[in-house]
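S.K.: Here the sequence shown stands for residues 214 to 531, numbered as in our numbering. Glycine included, every Cβ here is placed at the ideal spot set by N, Cα and C. None of these values were measured; they are calculated from a predicted model. Got a structure here, written out as structure tokens. Questions coming.
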Amino acid sequence: AALDDPEEAVVARLSVSEAVAVIRESARETALVVVSGSGISASAGLATFTASRSGVYERARKRFKLKQGIDLFHYRFYEERPAEALSFLAQMCEKAGSCAPTPTHEALVVLERTGLLRRHYTMNIDGLHRAAGATLWHARCPVGRDGKTVELHGSLLELVDVDTGRVYAVDAPALARLKARRFPLDALEAKDPLYVADYRREEDCEDDEDDVQPPSRVRFRVMFYDDCEHDRIVDSEAIFRLVAADVGAASLVLWLGVSFEQSASCEYLRRVQAAADDADRHVTHLIVNPSLEAAFNASSSLDGRHDGDIRSVQATSD
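Written out as structure tokens, the structure is:
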């Protein structure tokens with residue numbers, strides 16, 4: 214939760230010029246690790262998830278008469294109302310497809326091409342990093358093992374057949390059917406898949422009997438909270454091994470457009486700091502956000518369990 218008075222938090226505040234100096238100094242020693250959230254896509258015209266009046270969660274709350282808008286992104290809602298959940302995601306996909314990458318997306322690609330970016334972990338599912346030219350990391354595809362951007366929560370640009378694990382690119386006919394609350398399986402089966410997503414290593418749900426039918430055989434490759442089909446969406450174990458290796462070789466982690474108002478981003482911060490602790494490495498977390506509360510939320514999320522060096526700059530990532 215955000216603190217009552219952000220001005221009182223014990224977090225080092227930097228000016229933009231000071232933050233730039235910290236980044237340059239770190240880049241001389243080690244390649245940068247970046248973690249991004251929906252704030253980096255705001256200037257493209259995409260709503261952030263947590264904005265009080267115009268955010269994705271607030272729109273979902275009003276449209277589906279939910280107690281909390283975040284409920285739409287829980288597997289429970291998808292299980293009970295799959296067509297509505299997929300239709301909402303289809304509209305998000307269509308909106309994202311009409312937007313251009315922001316200066317932040319483009320700057321991250323420049324960092325990648327100049328060798329200054331070790332890794333970019335993004336919670337975003339909008340695909341604007343792809344449109345900017347970022348290379349994607351993928352544990353199971355040989356061509357993806359050297360990619361620099363890791364999609365922590367999947368992508369609106371891909372559909373997955375949860376029976377087979379085959380992943381397909383979203384196209385206009387499939388998107389139109391999903392918006393109309395119809396499922397596009399027959400349209401996909403004739404296409405060649407991009408790759409196969411099968412990361413089954415542990416049980417994510419109590420009920421995992423073979424005869425349990427999924428809410429929809431085809432869905433966006435997007436992670437829901439408490440997702441019972443997690444093993445068709447992302448390879449979390451491989452991702453966290455990568456995090457440990459990247460953070461163990463870093464001196465600075467840039468957090469761009471992350472508010473730390475959601476449990477997932479706070480957990481990622483704790484995992485990053487734990488990886489630094491395990492490697493006995495001092496890592497600075499530089500939080501770039503127009504709201505001072507982001508740094509406070511981040512500092513609070515560590516709960517004294519980890520000794521994190523958190524600094525903030527009150528600015529947009531652009």
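1) Would you say L302 reaches chain E, if we count a Cβ-Cβ gap shorter than 9 angstroms as a contact?
2) Could you tell me how far apart the beta carbons of S249 and G521 are, in whole angstroms, since I believe they sit closer than 8 angstroms?
3) Is the number of C-beta pairs between the stretch 488 to 500 and the stretch 456 to 470 that are closer than 8 angstroms three or more?
4) Among D374, A273, A298 and N510, which has the Cα closest to the Cα of E480?
5) Closer than 7 angstroms by C-beta to E415: which residues in its own chain qualify, once you throw out the five before and the five after it? Chain order, please.
6) Beta-carbon separation of V229 and A492 under 9 angstroms?
7) In this structure, how does DSSP classify N502 when only helix, strand and coil are distinguished?
8) With burial defined as no fewer than 16 other Cβ atoms inside 10 Å of the residue's Cβ, what is the status of E242: buried or exposed?
9) DSSP puts H333 in a beta bridge; with which residues?
10) Can you tell me whether D374 is helix, strand or coil according to DSSP?
11) When you compare each of K308, R379, A462 and V380 to A532 by their alpha carbons, which one comes out closest?
12) Classify S228 as helix, strand or coil using the three-state DSSP reduction.
13) Could you tell me which of L369, D440 and R326 sits nearest to K361, measuring between CA atoms?
14) Compute the beta-carbon to beta-carbon distance between A352 and A451, rounded to the nearest angstrom, for a pair I have assumed lies under 8 angstroms.
15) From D417 to E442, what distance separates their C-alpha atoms?
16) Tell me which residue opens and which closes the beta strand (DSSP E) that D522 is part of.
M.R.: A quick look at the data gives this:
1) Given the protein chain composition of this structure (a single chain), no chain E is represented.
2) In the sequence shown, counting from the first residue as 1, residue 249 sits at position 36. In the sequence shown, counting from the first residue as 1, residue 521 sits at position 308. About 19 angstroms separates the two Cβ atoms, so there is no contact after all.
3) Taking 8 angstroms as the limit for Cβ pairs, the verdict is that the stretch 456 to 470 does touch the stretch 488 to 500.
4) As a first step, residue 480 must be located in the sequence shown, where it is residue number 267. Closest by alpha carbon: N510.
5) As a position in the sequence shown, residue 415 is number 202, starting the count at 1. With a pLDDT of only 49 at E415, under 50, the local geometry of the prediction cannot be trusted, and no value is derived from it.
6) Sequence index remark: in the sequence shown, residue 229 carries index 16 (1-based). Sequence index remark: in the sequence shown, residue 492 carries index 279 (1-based). In this structure, A492 does not lie closer than 9 angstroms to V229 by Cβ.
7) In the sequence shown, counting from the first residue as 1, residue 502 sits at position 289. The three-state secondary structure of N502, taken from DSSP, is strand.
8) Your numbering for residue 242 matches position 29 in the sequence shown. The residue in question, E242, is exposed, as its Cβ has fewer than 16 Cβ neighbours within 10 Å.
9) Residue 333 sits at position 120 when you count from the first residue of the sequence shown. Answer is V247 and T362, bridged to H333.
10) Position 161 of the sequence shown holds residue 374. Here D374 carries a strand assignment [DSSP, helix/strand/coil].
11) Since the first residue shown for the chain is 214 and the last is 531, residue 532 is missing from the structure and cannot be characterised.
12) In the sequence shown, counting from the first residue as 1, residue 228 sits at position 15. Three-state result, S228: coil.
13) By one-based count along the sequence shown, residue 361 stands at place 148. When only C-alpha atoms are compared, the closest one is R326.
14) For the purposes of this step, residue 352 is taken as the residue at position 139 of the sequence shown. For the purposes of this step, residue 451 is taken as the residue at position 238 of the sequence shown. Rounded, the Cβ-Cβ distance is 4 angstroms, consistent with contact.
15) Against the sequence shown, residue 417 aligns to sequence position 204. Against the sequence shown, residue 442 aligns to sequence position 229. At D417 the pLDDT is 49, less than 50, meaning the model places this residue with poor confidence; the figure from the coordinates comes in the next sentence. Each residue's Cα considered, the two are about 8 angstroms apart.
16) Residue 522 sits at position 309 when you count from the first residue of the sequence shown. D522 -> beta strand (DSSP E) spans D522 to Q527.
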